[in-house]
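Chains as they are written, first to last, in the numbering used here: chain A, 119 to 438; chain B, 114 to 571.
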Amino acid sequence: MKCQYIEFTGISDAKAEKSKINAGEESRVLYECLTCYACQEYCQFGNNPFYLLIELQEKKGVLTAPKPIVEEQLRMMSPKGRITRQKVRSPVVNMCAFPMLTGCVRGKLFEGASVLSGNDIFCNIMWLHFAKNSVIRDRVPKTIDNIMSFYLKDSKIDEMVCFHDECYGTYTSVAEAFGISVPFKPVHLFDYINRRLDEIPDLIKPINEKIAYQRPCSNRLSPETDKILDEIFIKIGAQRVPRKHDRENALCCGGVPRALQRDELADELVEKNISDMLSTGAKYCVFNCPFCMATLGQEVAEHGLMPILVSDLVLIALGE
Amino acid sequence: MNDFIRQLADITGPGFVSSEPEERYLYSMDQGTMSPAEPDAVVMPGSTEEVRKIMLLANKYKVPVVPMGGGLVLSGLTRALHGGIILDMKRMNRILQINPKSRYAVVEGGASEGMLQAYLKKHHPELKHSMPDAPPIATLAGNICIHGSGHLSVLGGFHSDMLTGMEIVLPTGDIMRTGSCSVSPEWFARAPLPDLSGLFIGWSGTTGVVTKLGIRLFPSYSHNDMLIFVCEDADLMPDVISRLTGTQVAEDMTPWMTPKPEWARGFLHINISYGAHSKKELTFKRNLLQASVKKYSDQKIAGFLPLPPTEKSRFLKIPSPDLVKFADIRKGGGFEYVGAIMAIEHFAEAYRAGLQIARMYNVSYSMGARIIGAGHAMIFFYAYAFNRADPEDIKRAQHALEATNTAALEIGGIPWKSELPAQKQIINKMDQNTFNLMNQIRSVLDPNHIMNPGNWEK
């Protein structure tokens, strides 16, 4: 009943639809789901309601987006075989399929870091939005093998920082639910930053600004890390303003609904997010998801808020 | 000829006439597959009066004259097939008048697309003209005379449809005007007079020299956006195009099909650009466009690519940089394309013919189209890149172009800005009386047959 995007007449209606899904039967939820991952967080029992829903969508051939859109993206994001063996050293930071953001890994915060990126190490979690669990099963083991074989194994490193919490969600929540073994220890970016700030407290110059945080769908897979973000903000003197649409009530940035051809809903989400942020008097809109930032960043900036990634905000506090 | 060249120099000044081998070599070809043909001299007039004097001289000595704008036509239309002079119009590049209320510009015959674009951005940011996806040095006159198209062609049709009048120097040296400027001091329209502009459009420089022209301008929007529609079934395209153009909100629509990058192979895309004076209006227009093809997105067989705003900027660049990138894909600077103008219902046939030809001749291809008006026609293009330093590669591209022209004509289309062999193919298919009338008109305008001879001949 916490679902923010599907209308239910009451708890019994919601239960009835959930029962259908559990029984592997047709349900309107299969067609109306916005794939925001939130039910995965709402479930207190670890029953993976979201993954089961996607599983059933695929089994029943439900297309969340038009077939050519999905097919083109499957090709765009496929492994390219362009990976080369590379000696790395700690901390190893995985930028996934966002090589354009490798410039974010810099300064004292990431001192000495090795950076990995490219389609051959793409975490593939995006297929949860497109009813393609099979692609996750097919591609994620190869991604993990590439990370190990080309980078970590020879360098005798068993830890990898996930810049994007989609990757962290893949190597923790998804891997566990899908029975995929992960031979390295994934480290959430927040966890890395939090620990790193403890190592260099003298460098921190509190920024003393109000920030509105745009929590991404992928953080629903690692909700425990949201508290770590609070610790980071305290350490850098940033005030995470209470938003109506934060924490468990976070709203989608609007990116995925556009892929699902639901632009009018996406416009509504953008509007709600921005008016919510503006009502708090925040100066910055902070993202942890590069895709959310690409989707919302321009709109946010047009409304007078500065769009920024968590890591860059921390770098400001470190005087960089 | 030497005496003739000396007299040319008397008209333009010696710095603007050359019969030196390097100039003759450079002016003997364009980037396309047609073999070089050297002029005897190149002359650059600076005014209508100089053009008039040159034409009088050339007519007197019966020296062929080939008018040239940017020299970027790609199909060899500005080669001096029978020698003579190339009349390079680039010095006559002034922007003479902008009428912001009636939205037209008057420019000289050598003014380039880039110059007008830059001028409007600086002095009239509320206005724009329809830019073709050619290098900015392409001239407005050249593009209009070949029935070019551009970024406002869904809104305004062919660039020749946007022409409001012309000043022409005839091969006999007479200066004449077409459109409202022949009666009034203003250049607002070709109506309601007998449309004499048609005597000079589509004739490949065989009837006269354009020294001035008027062109329609359009509102330049503060908010601009674009969509990319994707489907897998070429047979859907005519209906999709018809639905999208039926909304009457797009400025430009360009379908594209390419085997590279690999993710695009086999898919048919349509870039749709539109603008508005406010964000609200922009969203309204987007909703109209999306609603027009909802039938297909609801069936999940087609839809719009999700593009974050940051990724749209390259698609909103005018002119588009993408075709230029493709042009040098084989390296060596060779590039030509057949643009066949045809009805939109032939989209699938045209596409399949292109795939078959590319396979047959093993050429690097890119196919696309530009929609004209509210789906009134399209320019379907087949672009072939080749390495100019490799004769075999040139030959392959030539054969592919010939086969494409044949296929386009068989489908019911007409090759656009056709190179010599294609002109002959068109003439063979043309109504005989039409061709006879073309020849009669040409004889009247150009009794000594000095204008770009070799073109539009059997």
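Backbone N, C-alpha and C define an ideal beta-carbon position, used for all residues, glycine too.
None of the values given here were measured: they were computed from a predicted structure.
Can you give me the C-alpha to C-alpha distance between residue i and residue j, rounded to a whole angstrom?
| i | j | result |
| --- | --- | --- |
| Leu139(B) | Met244(A) | 54 Å |
| Val188(A) | Thr153(A) | 15 Å |
| Leu436(A) | His282(A) | 21 Å |
| Tyr450(B) | Ala498(B) | 8 Å |
| Ile257(B) | Tyr478(B) | 26 Å |
| Glu277(A) | Pro217(A) | 20 Å |
| Ile572(B) | Pro408(A) | Any property of residue 572(B) remains undetermined from this structure, which presents chain B solely from 114 to 571. |
| Asp320(A) | Val292(A) | 38 Å |
| Val362(B) | Glu515(B) | 37 Å |
| Pro301(A) | Met266(A) | 8 Å |
| Gln175(A) | Lys226(A) | 45 Å |
| Lys430(B) | Thr367(B) | 14 Å |
| Gln469(B) | Asp143(B) | 27 Å |
| Gly399(A) | Phe397(B) | 30 Å |
| Cys241(A) | Asp506(B) | 42 Å |
| Arg119(B) | Ile167(B) | 12 Å |
| Thr252(B) | Glu523(B) | 32 Å |
| Pro422(B) | Ser335(B) | 15 Å |
Sort the options by Cα distance to residue i and report the nearest one.
| i | options | result |
| --- | --- | --- |
| Ile208(B) | Thr324(B), Met147(B), Leu283(B) | Thr324(B) |
| Lys241(B) | Ala193(B), Glu280(B), Ile328(B), Arg192(B) | Ile328(B) |
| Asp238(A) | Val359(A), Cys214(A), Gly297(A) | Cys214(A) |
| Arg204(B) | Lys373(B), Glu162(B), Pro158(B) | Pro158(B) |
| Pro248(B) | Gly183(B), Thr125(B), Arg137(B) | Gly183(B) |
| Cys450(A) | Phe351(A), Gln332(A), Ile352(A), Arg380(A) | The requested residue 450(A) does not occur in the structure, where chain A is confined to residues 119 to 438. |
| Leu281(B) | Gly261(B), Ile314(B), Ala251(B) | Inspection of the sequence shows that residue 281(B) is occupied by Ile rather than by Leu. Considering only alpha carbons, the answer is Ile314(B). |
| Ala156(A) | Leu339(A), Leu378(A), Gly128(A), Met395(A) | Leu339(A) |
| Tyr149(A) | Ala384(A), Phe409(A), Arg380(A), Met411(A) | Arg380(A) |
| Met289(B) | His272(B), Thr358(B), Asp308(B), Gln412(B) | Asp308(B) |
| Met455(B) | Val156(B), Phe494(B), Trp369(B) | Phe494(B) |
| Glu342(A) | Arg314(A), Asp256(A), Leu219(A), Gly287(A) | Gly287(A) |
| Leu200(B) | Gly321(B), Asp365(B), Gly452(B) | Gly321(B) |
| Glu573(B) | Glu190(A), Ser145(A), Pro184(A), Asn140(A) | This structure gives no information on residue 573(B), because the portion of chain B shown stretches from 114 to 571. |
| Asp430(A) | Arg257(A), Leu307(A), Asp256(A) | Leu307(A) |
| Glu136(B) | Gly255(B), Thr125(B), Pro152(B), Glu163(B) | Pro152(B) |
| Glu226(B) | Asn206(B), Pro238(B), Cys294(B), His237(B) | Asn206(B) |
| Gly359(B) | Pro238(B), Gly452(B), Gly486(B) | Gly486(B) |
| Leu276(B) | Lys235(B), Thr285(B), Ala254(B), Val267(B) | Ala254(B) |
| Asp287(B) | Phe428(B), Pro560(B), Lys571(B), Gly567(B) | Pro560(B) |
| Gln122(A) | Lys138(A), Tyr160(A), Asn140(A) | Tyr160(A) |
| Lys165(B) | Leu121(B), Ser141(B), Gly196(B) | Per the sequence shown, residue 165(B) should be read as Arg rather than Lys. Comparing Cα positions, the closest option is Leu121(B). |
| Phe342(B) | Val233(A), Ile352(A), Ala356(A), Ala377(A) | Ala377(A) |
| Gly452(B) | Lys392(B), Ala521(B), Ala471(B) | Ala521(B) |
| Asn400(B) | Arg146(A), Glu144(A), Leu383(A), Gly179(A) | Leu383(A) |
| Gly567(B) | Gly318(B), His272(B), Thr125(B) | Gly318(B) |
Who are the Cβ neighbours of residue i in its own chain at under 7 Å, not counting the five residues just before and after it?
| i | result |
| --- | --- |
| Val388(A) | Gly372, Leu414, Glu417 |
| Ile554(B) | Leu312 |
| Gln204(A) | Phe268, Tyr269 |
| Cys335(A) | Cys154, Tyr155, Cys370 |
| Met411(A) | Phe405, Pro425, Leu427 |
| His172(A) | The question names His, yet the displayed sequence has Ile at residue 172(A). These residues qualify, in order along the chain: Leu246, Ala249, Asn251. |
| Ser208(A) | Ile275, Glu277 |
Near residue i, which residues of its chain fall below 6 Å by C-beta distance, leaving aside the five closest residues on each side in sequence?
| i | result |
| --- | --- |
| Thr191(B) | Val179, Met181, Gly184 |
| Pro432(B) | Met244, Asp246 |
| Lys530(B) | Val186, Ser188, Ile259 |
| His264(B) | Ser243, Met244, Asp365, Ile431 |
| Arg509(B) | Tyr474, Val476 |
For residue i, list the residues DSSP reports as bridge partners.
| i | result |
| --- | --- |
| Cys403(A) | Ala330(A), Pro425(A) |
| Ile492(B) | Ile454(B), Arg483(B) |
| Pro180(B) | Leu200(B) |
| Gly526(B) | For Gly526(B), which the question treats as bridged, DSSP gives no partner whatsoever. |
| Ile211(B) | Ala218(B) |
Starting from the C-beta of residue i, find all residues in its chain whose C-beta is less than 8 Å away, skip the five residues before and the five after it, and write them out in chain order.
| i | result |
| --- | --- |
| Ser355(B) | Ile457, Gly488 |
| Tyr169(A) | Gln158, Leu246, Asn251, Val292, Ala295, Phe296 |
Quiz item: Any chance the stretch 469 to 482 of chain B sits against the stretch 412 to 420 of chain B, with 3 or more Cβ pairs inside 8 Å?
Solution: no
Quiz item: Does the stretch 297 to 315 of chain B come close enough to the stretch 143 to 156 of chain B that 3 or more CB-CB pairs lie under 8 Å?
Solution: no
Practice problem: Count the CB pairs spanning the stretch 197 to 211 of chain A and the stretch 378 to 387 of chain B that are closer than 8 Å, and state whether there are at least three. | Solution: no
Exercise. Report yes or no: do three or more beta-carbon pairs, one from the stretch 374 to 383 of chain B and one from the stretch 340 to 360 of chain B, lie closer than 8 Å?
Key: yes
Practice problem: Indicate whether the contact test is met: 3 or more Cβ pairs, each with one atom in the stretch 251 to 267 of chain A and one in the stretch 126 to 139 of chain B, closer than 8 Å. | Solution: The stretch 251 to 267 of chain A vs the stretch 126 to 139 of chain B: no contact.
Quiz item: For the stretch 519 to 529 of chain B against the stretch 264 to 283 of chain B, are there 3 or more C-beta pairs whose distance is under 8 Å?
Solution: no
Quiz item: Are the stretch 166 to 173 of chain B and the stretch 209 to 217 of chain B touching by the rule of at least three beta carbon pairs closer than 8 Å?
Solution: In the pairwise beta carbon analysis, the stretch 166 to 173 of chain B is classified as not touching the stretch 209 to 217 of chain B: fewer than three pairs are separated by under 8 Å.
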